[in-house]
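Mapping the sequence shown onto this note's numbering, position 125 (from 1) lands on 902, and the numbers just tick up by one. Glycine is no exception: its CB is placed at the ideal position from the N, C-alpha and C atoms. Keep in mind the model is a prediction, meaning the values are calculated, not measured. Notes follow once the structure below has been shown.
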Amino acid sequence: MTRETINPEEMYPSLQYGFSHAVKSKGSVTIHCSGQVAWDKDYNVVGGQDIGAQAKQALSNLKTVLAEAGASVADIVRMRTYVVNHTPEYLEPVGMAIGEFYGDTIPAANTWIGVQTLALPDFMIEIEVTAVID
């Protein structure tokens with residue numbers, strides 16, 4: 778799969794906030810991952826009411842799903858981040874978790890969406906991705 782991030786110099790810088798403005802991809806298999814939350818395999822919510830810790834668990838779950846599908850973080854072309862009762866204070870801990878998730882890979886396109894609630898009241902964040910592989 779080829780993946781090209783699009784970050785025009787005429788646009789505001791976005792990489793420090795954990796996203797690219799767009800991604801062009803060419804590959805033959807698209808993987809649509811369901812939104813992941815902070816559950817561990819025994820349905821325990823990891824991180825309590827710490828949104829950064831919940832984000833890390835959700836992203837860890839995504840890495841596991843991607844690996845099972847034969848993909849990696851470098852194959853992600855789209856991320857959507859749903860945050861319950863979003864406030865600006867959430868930007869730093871979630872952004873740091875996303876930065877750790879990508880490591881040296883330039884982040885894919887990402888949209889943060891503030892929502893009233895998720896499937897269960899203990900969930901503070903849900904993250905979904907789309908990846909493309911050959």
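Boundaries (first-last residue) of the beta strand (DSSP E) holding residue i
{"i": "E903", "result": "I902 to I910"}
{"i": "E781", "result": "T779 to I783"}
{"i": "G891", "result": "A886 to V892"}
Residues that DSSP places opposite residue i in a beta bridge
{"i": "A851", "result": "In DSSP, A851 forms no bridge with anything."}
{"i": "K803", "result": "T779"}
{"i": "V860", "result": "G891 and I902"}
Nearest candidate by alpha-carbon position, reference residue i, set the options
{"i": "T888", "options": "P785, G872 and A848", "result": "G872"}
{"i": "L868", "options": "G824, G891, D899 and T841", "result": "G891"}
{"i": "M788", "options": "K803, E781 and S797", "result": "S797"}
{"i": "Y859", "options": "A799, I828 and G880", "result": "I828"}
{"i": "N821", "options": "L897, E905, I904 and D911", "result": "L897"}
{"i": "P884", "options": "V800, Q826, G804 and G812", "result": "V800"}
Same chain, Cβ closer than 6 Å to residue i, five either side skipped, listed in chain order
{"i": "G876", "result": "G795"}
{"i": "V842", "result": "C810"}
Cβ neighbours of residue i in the same chain (closer than 7 Å, five flanking residues each side left out)
{"i": "T807", "result": "T907 and V909"}
{"i": "P785", "result": "H798"}
Closer than 7 Å: residue i CB and nearest the ligand GDP heavy atom
{"i": "H798", "result": "In the structure shown, the ligand GDP is absent, as is every other ligand, since no ligand is present at all."}
Beta-carbon proximity list for residue i, same chain, < 8 Å, skipping 5 on both sides
{"i": "E845", "result": "none"}
Extent of the continuous alpha helix (DSSP H) run through residue i
{"i": "I875", "result": "L868 to Y879"}
{"i": "S837", "result": "I828 to E845"}
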